[in-house]
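K.L.:
Got a structure for you, written out below as structure tokens; questions coming shortly.
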Amino acid sequence: MDVLGGFGTSVLAFLVVLSVLVFVHEFGHYFIARRNGVRVEVFSIGFGPELFGFHDRAGTRWKFSAIPLGGYVKMFGDADPASTPGAELPHMTESEKAVSFHHKRLGQRAAVVAAGPLANFAFALVALTLLFATAGQPFTPPDVGGIQPGSAAERAGLQPGDEIVAIDGASIQRFEEIRQVVSMNPGRPLAFEVQRDGKPVTLTAVPDSSEVKDRFGNVHRIGLLGITRGGTETRRHDPLSAAWQAGREVFGMIGGTFTALGQMVEGTRGTEELGGPLRIAQMSGEVAQTGFYTMVWFMAFLSVNLGLINLFPVPLLDGGHLLFYGIEALRGRPLGPRAQEYGFRIGLALVLSLMVFATWNDLVQLRVVDFFRGLIS
């Protein structure tokens with residue numbers, strides 16, 4: 596079954612990558628909870644039955660569980676890993692209320708919830724900063740080296756020697772940024788600000804649309820401009836410059852994700868690009884074989900997306916909790932237990948539906964569906 600050839604070797608890389616990112620996310624919750632005097636009962640990597648673990652001096656159970664597709668921090672007063680308020684809350688003593696998550700002030704609870712996604716963003720920022728300060732950052736000046744005949748660049752009037760300084764008002768510092776913006780906007784007019792012979796010129800280019808298959812077998816619709824670059828180099832930055840460039844990369848990842856999601860909603864980008872755990876496992880194995888530099892990039896990208904997903908205003912996710920807290924701030928009191936229960940049920944249904952859809956996409960992209968169709972046809 597060559598459609599899954601080598602997939603088994605990706606499992607270890609997948610578990611390492613996911614465990615690190617889940618630990619970072621949950622440690623964000625844990626750290627801010629402890630800073631606000633909340634007792635943390637369980638810190639788990641994975642769900643389901645415990646495989647192994649230990650208790651620390653504060654009484655927290657640190658453990659690895661059997662289903663390695665996430666994790667959770669269970670705080671005192673929680674009824675479950677989703678932080679649903681427990682039935683014992685009204686009957687707690689004053690000393691128990693002092694360490695209960697649900698008895699903390701609204702701002703404290705919101706800080707604990709937001710700390711998970713923020714930790715993922717911070718991890719990506721720190722990882723890329725260290726990478727750019729040590730191994731360096733690939734750098735290609737945003738100069739037009741050549742123009743392909745009949746391309747979108749030729750139609751727009753771009754010329755060899757032009758320096759692209761901004762696209763749609765966003766400043767450009769590297770050729771890689773041009774490629775990132777153009778690839779995310781097939782068929783959409785883009786305003787280019789260029790320097791030509793020391794003079795500013797404004798042009799409009801409409802990237803050509805093309806379907807490409809990456810080395811993981813995934814098909815993407817991207818935009819093509821039709822320009823070639825000049826020389827390339829790797830620049831090692833000082834710590835402050837490295838942090839600045841890492842911040843630009845993280846914001847670029849966030850912007851690219853929102854652009855792709857918006858295009859899916861509009862119908863201009865296919866939803867088959869949504870991947871689940873199987874495709875992440877495959878990509879983890881492939882990336883792990885390419886070297887440390889690419890692995891750090893991959894983990895930073897996944898960490899940013901994990902943080903973004905958890906900020907979506909869907910009950911069960913961190914963003915759903917923050918939505919409830921926002922409503923509580925407006926109303927002056929929390930939503931009733933029944934409203935929260937229905938919210939969590941809806942959130943669970945949405946999350947499970949998305950997981951099923953993404954996993955189906957994985958099976959199709961990995962040709963597993965075609966394999967089983969061939970067995971019965």
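Going left to right, the sequence shown walks through residues 596 to 972 as my numbering numbers them.
Note that the Cβ used here is the ideal one computed from N, Cα and C, for glycine as well.
Which of the three DSSP states is assigned to Lys692 in this structure?
P.N.:
helix
K.L.:
Look at the alpha carbon of Glu689 and the alpha carbon of Phe671, and state the distance between them as a whole number of angstroms.
P.N.:
Cα to Cα, Glu689 sits roughly 13 Å from Phe671.
K.L.:
CB-CB under 8 Å to Phe893, same chain, minus the five flanking residues each way: which ones, in chain order?
P.N.:
Val612, Met878, Ser879, Val882
K.L.:
For Val553, name the three-state secondary structure that DSSP assigns.
P.N.:
Here the chain covers residues 596 to 972 and nothing more, so residue 553 does not appear.
K.L.:
What distance in whole Å lies between the Cβ atoms of Gly711 and Gly621, which are believed to be in contact at a cut-off of 8 Å?
P.N.:
The sequence given here has Glu at residue 621, not Gly. About 7 Å separates the Cβ atoms of Glu621 and Gly711, confirming a contact at the 8 Å cut-off.
K.L.:
Can you grab the Cα-Cα spacing for the pair Val633 / Phe716, in whole Å?
P.N.:
Approximately 23 Å, taken between the alpha carbons.
K.L.:
Phe659 lies in the beta strand (DSSP E); which residues open and close that run?
P.N.:
656 to 670
K.L.:
Helix, strand or coil for Thr827, going by three-state DSSP, please let me know.
P.N.:
For Thr827, the three-state secondary structure derived from DSSP is coil.
K.L.:
Please check the pair Ala661 and Gly648, which I expect to be a contact at CB under 8 Å, by giving their CB distance rounded to whole angstroms.
P.N.:
Not confirmed; about 12 Å, so no contact.
K.L.:
Name, in chain order, the residues that DSSP records as bridge partners for Phe787.
P.N.:
BP columns for Phe787 point to Ile762, Leu798.
K.L.:
Inspect the beta-carbon positions of His916 and Val635 and report whether they are closer than 7 Å.
P.N.:
For His916 and Val635, no; Cβs fall outside 7 Å.
K.L.:
Measuring CB to CB, does Tyr667 end up less than 7 Å from Pro676?
P.N.:
yes
K.L.:
Determine the DSSP secondary structure at Val739, reduced to helix, strand or coil.
P.N.:
coil
K.L.:
Considering only the alpha carbon of each residue, which of Phe718, Phe770, Ala706 lies closest to Thr735?
P.N.:
Comparing Cα positions, the closest option is Phe770.
K.L.:
Measuring alpha carbon to alpha carbon, tell me which residue in Leu684, Val909, Asn780, Leu903 is nearest Leu713.
P.N.:
The residue with the shortest Cα to Cα distance from Leu713 is Leu903.
K.L.:
Looking at the unbroken alpha helix (DSSP H) that takes in His977, where does it start and where does it end?
P.N.:
No information on residue 977 is available, as it lies outside the stretch 596 to 972 that the chain covers here.
K.L.:
What's the gap between the Cα of His650 and the Cα of Trp657?
P.N.:
6 Å
K.L.:
Between the Cα of Ser766 and those of Ser778, Phe659, Glu788, Asn780, spot the shortest distance and give me the residue it belongs to.
P.N.:
Glu788
K.L.:
Specify whether the region 894 to 913 and the region 940 to 948 touch according to this definition: at least 3 beta carbon pairs, one from each stretch, less than 8 Å apart.
P.N.:
Contact holds: three or more Cβ-Cβ distances are below 8 Å.
K.L.:
Does the distance from the C-beta atom of Ala899 to that of Met859 stay below 7 Å?
P.N.:
The question names Ala, but residue 899 in the sequence shown is Val. In this structure, Met859 does not lie closer than 7 Å to Val899 by Cβ.
K.L.:
Report the residue from Val694, Val891, Ile922 whose alpha carbon sits nearest the alpha carbon of Gly654.
P.N.:
Val694
K.L.:
Taking C-alpha atoms, which residue in Val777, Ile759, Leu819 lies nearest to Gln790?
P.N.:
Ile759
K.L.:
Tell me the rounded alpha-carbon separation between Thr729 and Pro834.
P.N.:
9 Å
K.L.:
List the DSSP bridge partners of Leu819.
P.N.:
Beta-bridge pairing links Leu819 to Asp803.
K.L.:
Can you tell me which of Tyr937, His697, Phe727 puts its alpha carbon nearest to the alpha carbon of Arg831?
P.N.:
Phe727
K.L.:
Under 8 Å by Cβ, that's how I've got Ala751 and Leu798 pegged, so tell me the actual separation to the nearest angstrom.
P.N.:
5 Å
K.L.:
Helix, strand or coil: which one does DSSP assign to Phe966?
P.N.:
Any reading at Phe966 is ruled out, since the residue's pLDDT is 40, under 50, leaving its predicted position unreliable.
K.L.:
In this structure, does DSSP put Val617 in helix, strand or coil?
P.N.:
helix
K.L.:
Drop a sphere of 10 angstroms on the beta-carbon of His686, count the other beta-carbons inside from all chains shown, and report buried for 16 or more, exposed for fewer.
P.N.:
A residue is called buried once 16 or more other Cβ atoms fall within 10 Å of its Cβ, and His686, having fewer, is exposed.
K.L.:
Looking at C-alpha atoms only, which residue of Phe609, Leu701, Val606, Thr854 is the closest neighbour of Leu925?
P.N.:
Leu701
K.L.:
Could you tell me the distance, in whole angstroms, from the CA atom of Leu664 to the CA atom of Leu616?
P.N.:
11 Å
K.L.:
Figure out for me which residue from Arg928, Val946, Leu947 has the closest Cα to the Cα of His697.
P.N.:
Arg928
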